[in-house]
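In the numbering used here, the protein residues as written are -18 to 228.
A short worksheet on the structure shown next.
As structure tokens, this is what we get:
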């Protein structure tokens, strides 16, 4: 087991060295702009939010993902004309709220100053094969976002490949601009094959957010698989590693 761990560590070092070799400052900033910092743990407090907003602005990462009740504080912490987007995670992570509640939550998040809403898909209705409900919900939450983008969080570890393909296709047909692979809440780390399957299902209609990324190697693989957004609880550390690679 120790030999396997050492081999994995060596592979990670080699991949990071190759990543560093081909990176320049412009490319580094492009990679960092793909990062979204997940701050959706129930224990996240205002002190952590404040520090996260400050560091995210300093590193110029793409976005912060927060629970709806944290939108207002973060708007204040990011200040006027923020360079970092703010995303509210609605009905996270189960998607079990009614469509009416999700619509109201999206509208409130927009009112509070969010840049984008990320709504968890209704897993129970997907498992029941009630695709009519799923489609109606996607259309309603998208409309509730008005001029804000609305993303759908798809908890892929809970779905069969067929269900995953179907929900992605419906989302794309409803005009949803991006999909998140999963939150990690229900288990399962980064899975490049899931990213690939989702990308194949939506083609170029949606951007795929690969989540559960914890290192540069997985980030590189996710981008190669077609991910345009990288979600991570380690986003600040990853951004700093990328900057270090060109300094």
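Even glycine gets a Cβ: it sits at the ideal position worked out from N, Cα and C.
The structure displayed is predicted, hence computed values, not measured ones.
Within the DSSP bridge table, the entry for residue 15 names no partner. By DSSP's assignment, residue 70 forms a beta bridge with 99. In the pairwise beta carbon analysis, the stretch 89 to 109 is classified as touching the stretch 66 to 77: at least three pairs are separated by under 8 Å. Residue burial is scored here from C-beta neighbours: residue 193 has at least 16 other C-beta atoms within 10 angstroms and is therefore classed as buried. If you look at residue 30, you'll find it in the alpha helix (DSSP H) that goes 27 to 40. Beta-bridge partners assigned by DSSP to residue 188: 159. Pairing residue 170 with residue 203 gives a Cβ-Cβ distance that is not under 8 Å. Assigned with DSSP and collapsed to three states, residue 9 falls in helix. Contact annotation: the stretch 22 to 31 touches the stretch 47 to 58, with at least three C-beta pairs closer than 8 Å.
Between residue 111 and the set 151, 138, 43, the nearest pair of CA atoms involves 151.
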